[in-house]
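Visitor:
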Amino acid sequence: MTDQRPTKGQLTFLDWEFGLFFHFGIRTFHAGHSDWDGVYMDPAAFAPQSLDCRQWAETAKRAGAKYAIMTAKHHDGFALWNTKTTDYGVRNTPWRGGRGDAVRDFTDACREQGLKTGLYYSPAEFGSREKSAKDYDDYFIAQITELLTNYGRIDYLWFDGCGADGHSFDKKRITDTIRRLQPEILLFNLWDPDVLWVGNEDGVAPEDLAPVPEPEDGNDVNARGRRFMPYECDCKLRPRNWFWTPTDEDSVRDVAGVMGLYDLSVGHGANLLLNVGPDDRGLLPERDAAVLAAFGKALTKRFASPLPARVTAEDGGFLLSPEAPGLTPADTLVLSEDLADGERAGGWTLAYRTGGRDFPLASGSRVGHKRIVRLPRLLLGEGRELRLVFDGGDDLPLNIKLYHTEA
5 MTDQRPTKGQ
15 LTFLDWEFGL
25 FFHFGIRTFH
35 AGHSDWDGVY
45 MDPAAFAPQS
55 LDCRQWAETA
65 KRAGAKYAIM
75 TAKHHDGFAL
85 WNTKTTDYGV
95 RNTPWRGGRG
105 DAVRDFTDAC
115 REQGLKTGLY
125 YSPAEFGSRE
135 KSAKDYDDYF
145 IAQITELLTN
155 YGRIDYLWFD
165 GCGADGHSFD
175 KKRITDTIRR
185 LQPEILLFNL
195 WDPDVLWVGN
205 EDGVAPEDLA
215 PVPEPEDGND
225 VNARGRRFMP
235 YECDCKLRPR
245 NWFWTPTDED
255 SVRDVAGVMG
265 LYDLSVGHGA
275 NLLLNVGPDD
285 RGLLPERDAA
295 VLAAFGKALT
305 KRFASPLPAR
315 VTAEDGGFLL
325 SPEAPGLTPA
335 DTLVLSEDLA
345 DGERAGGWTL
355 AYRTGGRDFP
365 LASGSRVGHK
375 RIVRLPRLLL
385 GEGRELRLVF
395 DGGDDLPLNI
405 KLYHTEA
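In my numbering, the protein residues as written are 5 to 411.
#1: Quick check on this structure: which residue in S269, D284 and D212 has the alpha carbon closest to the alpha carbon of L277?
#2: Give the DSSP-derived three-state secondary structure of V225 in the structure shown.
#3: Which residues in the same chain as D252 place their Cβ atom closer than 7 Å to its Cβ, once the five residues preceding and following it in sequence are excluded?
#4: Do R375 and G368 have their CB atoms nearer than 9 Å?
#5: Return the Cβ separation of W352 and F394 in integer angstroms, given the expectation that the two are a contact with Cβ distance under 8 Å.
#6: Of the residues D292, D342 and D238, which one's Cα is nearest the Cα of N204?
#7: For D91, count neighbouring Cβ atoms within 10 angstroms of its own Cβ and tell me buried if that reaches 16, exposed if not.
#8: Can you tell me where the alpha helix (DSSP H) holding W20 begins and where it ends?
#9: By the 10 Å Cβ neighbour count, where 16 or more other Cβ atoms means buried, how is F110 classified, buried or exposed?
#10: Are the Cβ atoms of R108 and G102 separated by less than 9 Å?
#11: At the level of alpha carbons, what is the spacing between A227 and F130?
#12: One question on the structure: do L55 and A106 come within less than 9 Å of each other, judged by their Cβ atoms?
#13: Look at the Cβ atom of L15, then the Cβ atom of L339, and state whether they are nearer than 9 Å.
#14: If we require 4 or more residues per run, which alpha helix (DSSP H) segments fall completely within the region 202-286?
#15: Do the CB positions of E150 and T87 come within less than 9 Å of each other?
#16: Kindly identify the DSSP beta-bridge partner or partners of T121.
#17: Would you call A49 buried or exposed, if buried means 16 or more other Cβ atoms sit within 10 Å of its Cβ?
#18: Out of D345, R370, T179 and T97, which has the shortest C-alpha to C-alpha gap to Q53?
#19: Measuring alpha carbon to alpha carbon, tell me which residue in R257, L200, R9 and P310 is nearest A4.
#20: Using 8 Å for Cβ pairs, my map puts E354 next to L337. What's the rounded Cβ distance?
#21: Grab the span of the beta strand (DSSP E) containing V338 for me, first residue to last.
#22: CA-CA distance, R291 and D258?
#23: Can you tell me whether V225 is buried or exposed, with buried defined as 16 or more other CB within 10 angstroms of its CB?
#24: On the DSSP letters alone, give me the boundaries of the alpha helix (DSSP H) that D141 sits inside.
#25: Hey, quick one: how far does the beta strand (DSSP E) through A344 stretch, first residue to last?
#26: Kindly list the residues whose CB is nearer than 8 Å to the CB of F26, restricted to its own chain and excluding five residues on each side of it in sequence; keep chain order.
#27: With a 10 Å radius around its C-beta and 16 neighbouring C-beta atoms as the bar for buried, classify S136 as buried or exposed.
#28: On the DSSP letters alone, give me the boundaries of the beta strand (DSSP E) that D362 sits inside.
#29: G300 lies in the alpha helix (DSSP H); which residues open and close that run?
#30: Can you tell me whether G330 is buried or exposed, with buried defined as 16 or more other CB within 10 angstroms of its CB?
#31: What residue range is occupied by the uninterrupted alpha helix (DSSP H) comprising V107?
#32: Can you tell me the Cα-Cα spacing of G222 and R314, whole angstroms?
#33: For P326, which of helix, strand or coil comes out of DSSP?
#34: Give me the residue from G29, G104 and R348 with the minimum Cα distance to Y125.
#35: Which residues in the same chain as V371 place their Cβ atom closer than 6 Å to its Cβ, once the five residues preceding and following it in sequence are excluded?
#36: Suppose the cutoff is 7 Å on Cβ atoms and the five residues either side in sequence are ignored; what does the same chain contact list for C114 look like?
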């Protein structure tokens, strides 16, 4: 348990729960390149004939996502907006005669769909060490200033730490500029973060992930002291690649696979950020889009109708039983805690009570924003109940719901 309180923005972030990540850029048109290979990618190849960020945003909405992020600039340095800071970007491509602006298309499309709008920005890039630290900071801040002043409110700025080691950044100057330009923005991962990376790219959050991380030497995460931190799990719909490539369509996860990731991220109190790479047309591939739409339907169906249940406080915990007469099947328990005053629930145990005896089913060290507990298909009612016990007692700001989700 912790009495460290999340900020209003962090609580809002946790309520987003699920977002889509769109890796798109010059790498989309140079298949086979990898991070930091140093191979030049000619901007003349950037020519998406059907770029449609509305299709991306509409797919995100159908998938049940509440936020979306696009790679405005990846490690290669290619800018997807019509920047004045570099020649390496969309203004020196055949696309729309050099007058296109993919960041504008993306931010407009997100707002049309009611999605929270995020931009990915790689602090480091190929060739950055050819500039002095001061010159690179100036370049960095000029680009961030364009992104945060020309496109309305940006809800989330996603800083990738890859390649940033060994660079000398004026972190305070950079973060002060960001906070001044967009005071309500959320920052991911680096220097003055509001959200932390979970530590893997597999979409999995540990069940016991502490909301107040321990200090680590040289870790800027704790620049403002030990404080509450939500976590985000980023992973790929096509497990081998962030950017689209024509050779891995067979690897697209199915709906069950995405649902499993949802349970291991959102169901462990973190957010899930699922990547899909738009193709060289500028569209989401049909197979990827179909899986996302089907997942959205399955997610809605799964949690649309909680079972009517009685929740009764008893001996430092709760008894759960169905309101309907007879026997009711149940296979999923969802716990959520109001975190406005910090985490209070602490450890918990769940048991199946029948015949006057408790049979252990599950346990955990925390509840957090959400905990999804898969159960064997149980029959409740007529003396059969679930018993939940919390270290923090039964006077807790909790929401407890039961579901029968099996087809």
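Glycine included, C-beta positions come from ideal geometry on N, C-alpha and C.
Guide: The structure says:
#1: Minimum Cα-Cα distance from L277 among the listed residues S269, D284 and D212 corresponds to S269.
#2: Unreliable placement is indicated for V225, whose pLDDT of 44 sits below 50; no coordinate value is reported for it.
#3: Once the five neighbours on either side are set aside, the close Cβ partners of D252 are R242, R244 and N245.
#4: Contact flag set, yes.
#5: The pair is a contact, with the Cβ atoms about 5 Å apart (cut-off 8 Å).
#6: For the residues D292, D342 and D238, the minimum Cα distance to N204 belongs to D238.
#7: Burial state of D91 is exposed, judged by a 10 Å Cβ sphere holding fewer than 16 other Cβ atoms.
#8: Note, W20: alpha helix (DSSP H), K12 to W20.
#9: F110 comes out buried.
#10: Between R108 and G102, the CB-CB gap reaches or exceeds 9 Å.
#11: Model confidence at A227 stands at a pLDDT of 49, short of 50, so the residue's coordinates are unreliable; what they give is reported in the following sentence. For the pair A227 and F130, the Cα-to-Cα distance works out to about 27 Å.
#12: Closer than 9 Å, so yes.
#13: Taking C-beta atoms as the reference points, L15 and L339 fail to come closer than 9 Å.
#14: For secondary structure counted as the alpha helix (DSSP H) over 4 or more consecutive residues, the region 202-286 holds these complete runs in sequence order: 259-269.
#15: Yes, the pair counts as a contact, with Cβ atoms nearer than the cut-off.
#16: Note: T121 sits in a beta bridge opposite A72.
#17: A residue is called buried once 16 or more other Cβ atoms fall within 10 Å of its Cβ, and A49, having fewer, is exposed.
#18: For Q53, the nearest C-alpha among the options comes from T97.
#19: Residue 4 falls outside the range modelled here, since the chain spans only 5 to 411, and no answer is possible.
#20: Here residue 354 is Leu; the residue named in the question, Glu, does not match the sequence. The Cβ separation is near 7 Å, so the contact holds.
#21: Residue range T332 to E341 is occupied by the beta strand (DSSP E) that includes V338.
#22: Spanning the two alpha carbons is a distance of roughly 10 Å.
#23: Annotation note: pLDDT 44 at V225 (below 50); position unreliable, coordinate value reported separately. Buried: at least 16 other Cβ atoms inside 10 Å.
#24: Under the DSSP assignment, D141 falls in the alpha helix (DSSP H) whose first and last residues are A137 to T153.
#25: It is not in any beta strand (DSSP E) - A344 carries neither H nor E in the DSSP assignment.
#26: Result list for F26: W60, A72, I73, M74, T75, F110, N279, V280, G281 and P282, in chain order.
#27: Counting Cβ neighbours within 10 Å, S136 comes out exposed, since fewer than 16 surround it.
#28: Run containing D362: R361 to G368, per the beta strand (DSSP E) assignment.
#29: Secondary structure note for G300: its alpha helix (DSSP H) is the uninterrupted segment E290 to F307.
#30: Classification of G330: exposed, given that the 10 Å Cβ count is below 16.
#31: Unbroken alpha helix (DSSP H) run through V107: A106 to E116.
#32: Interpretation of G222 is limited by its pLDDT of 44, a score under 50 that renders its predicted location unreliable; no figure is taken from the coordinates.
#33: Strand.
#34: Considering only alpha carbons, the answer is G29.
#35: Non-local beta-carbon contacts of V371 in its own chain, meaning distances under 6 Å to residues more than five positions away in sequence, involve L339, E341 and A349 in chain order.
#36: Answer for C114: A61, A72 and T121, listed in chain order.
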